[in-house]
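Accompanying notes for the structure given below.
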Amino acid sequence: EFVAILPDTDTEQAYMIGKKIRDRMEAISIEAPNGEKVKATVSIGISVYPDHGKDDKELFLIADNMMYKSKRAGKNRISSPNEDDIAQSFKIAGEKTQLVLNTLEKRNLVPYFQPIQNIASGGIEIYELLMRIQTDSDIITASEFIDVAESLGVIHKLDYILIEKAFEVIMEREYKGMLFINISPKALIIGEFIKNILTIAKKYKINTENIVLEITERDTVKNVTLLEKFVQELKFEGFKFAVDDFGSGFSSFHYVKRLPIDYIKIEGEFIRTLQKDSADIALIKSIVTLAKELKIKTVAEYVESAEILEEVRKVGVDYAQGYYIGKPKEDFLQEETTL
Ligand code: C2E
Ligand code: CA
């Protein structure tokens, strides 16, 4: 996604510029190795100050929603908002904000657990903790609200509530395996993360060596040195670390180089549509080689079929996670776990 900021431009002029961008894109094609011509389309959303929003947040919200409107309408077009669009965009954003703020107050979060299989032994040795909001009528998945919680700067508070609930479940069920927990790097360095997580771990008698913190690049921190310090401290306390969605962004390699990483979780989008002898296989092979060299274990995400499990096994990935292995669910059973 790209943004063009146009000073002193009204909606009509912005539309003309959008059209120019689209026409230029239409004229471009790239030749694939098999000789086919590959083309790209562009979906554009417009918002204009002060007509559609009073500050950067509102303008981005509207432009983003208009971009999705262009996509829904068939892509390769430009959309500017009418009054209904503006009202609708604010309504959805407002509802999500309300949902997150309500959850902070009511603590109506539920821990979901997704199994991760050791490919060599076939056993389930690990679960990943995923956040769900329980409303009166629904269970809402993390992808619906994580962005909002991050931009409101409250994700770490939701994380504490969820982690505490998950630790309680683990203690009750006497689960002795590993638990992977998603944590944004920003949450690691704000507040008193280390003190707080140690307090909850102690309260529920959790062995910190069984906890793996997954760091994403989504909400990255600029100060890697500071992040490094916190990671080292947690490492000293027994925690392990994983890089989440490895390969999807630019800091993956940086993290592996700078931080004591134990697991690499290979971006699910490389895995989900995996085909024999494809570029994806070459990419996964190179990640596995890198990991082995650094004595880091690898996990393939989004393993959705037996064929894909077989492909990732062949290239030497250590663990598999995805709908084929098991969907995230509320109750994870000790019996399923093989340690
Ligand atoms: P992620 O860590 O990459 O998590 C994997 C997401 O993919 C989960 O969605 C999961 O339900 C889904 N998934 C699992 N297997 C498959 C599969 O085989 N195919 C497909 N298509 N999808 C699969 P979910 O739970 O909605 O989480 C979305 C993202 O939200 C997560 O991405 C993670 O970055 C973040 N997140 C989830 N729980 C938490 C949390 O407790 N704290 C924080 N800070 N972030 C969280
Ligand atoms: Ca994850």
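Numbered continuously in the numbering used here, the sequence shown closes out at residue 561.
Think of the CB as a built atom: it goes at the ideal place given N, C-alpha and C, for glycine as much as any other residue.
- Remark: the C-beta of Q336 is in contact range of ligand 1, defined as less than 7 Å to any heavy atom.
- Every residue whose beta carbon comes nearer than 6 Å to a heavy atom of ligand 2 appears here in chain order: E350, N404, E436 and D466.
- A check of alpha carbon separations from G548 across V370, I506 and F335 identifies F335 as the nearest.
- The region 366 to 410 is shown to contain whole alpha helix (DSSP H) runs of 4 or more residues at 368 to 373 and 377 to 395, in chain order.
- A straight line joining the alpha-carbon of T263 with that of D369 spans about 26 Å.
- Following the DSSP letters along the chain, one finds V478 inside the alpha helix (DSSP H) bounded by residues S474 to R480.
- For A542, the uninterrupted beta strand (DSSP E) run begins and ends at Y541 to Q543, by DSSP.
- A464 is bridged by DSSP to E436 and Y485.
- Ligand 1 never approaches P407 closely enough for any of its heavy atoms to be under 7 Å from the residue's Cβ.
- For Q543, the shortest C-beta to heavy atom distance toward ligand 1 is below 7 Å.
- Cβ contact annotation for L410 (same chain, cutoff 6 Å, sequence separation greater than five): F452, in chain order.
- For E532, the secondary structure class from DSSP, reduced to helix, strand or coil, is helix.
- Look at A364: its beta carbon is less than 7 Å from one of the heavy atoms in ligand 1.
- Excluding five sequence positions before and after L420, the CB atoms of its chain that fall closer than 7 Å to its own CB belong to E459, given in chain order.
- When C-alpha distances from A342 are compared across K297, I422, L531 and K551, the shortest belongs to L531.
- E347: not part of any alpha helix (DSSP H); member of the beta strand (DSSP E) spanning I346 to Q356, first to last residue.
- Taken through DSSP and simplified to helix, strand or coil, V446 comes out as helix.
- Only exposed fits A501, as fewer than 16 other CB atoms lie within 10 angstroms of its CB.
- Annotation: K514 to I385 spans about 30 Å, alpha carbon to alpha carbon.
- Residue pairing by DSSP places V521 opposite K487 and Y541 in a beta bridge.
- Taken from the Cβ of I377, at least one heavy atom of ligand 1 lies inside 7 Å.
- Bounds of any beta strand (DSSP E) do not take in N287; it lies within the alpha helix (DSSP H) bounded by D278 to R294.
- In the three-state scheme derived from DSSP, where H, G and I count as helix and E and B as strand, F224 is classed as coil.
- Inter-residue distance for D306 and D245 is about 28 Å (C-alpha atoms, whole angstroms).
- It is roughly 16 Å from the alpha-carbon of A249 to the alpha-carbon of E258.
- Counting only residues of its own chain and dropping the five nearest sequence neighbours on each side, I361 has a CB closer than 6 Å to the CB of R354.
- Within its own chain, the residues whose Cβ lies closer than 8 Å to the Cβ of I412, once the five positions on either side in sequence are excluded, are H378, listed in chain order.
- Here DSSP, grouped into helix, strand and coil, assigns K551 to strand.
- The continuous beta strand (DSSP E) containing L331 extends over residues L331 to N340.
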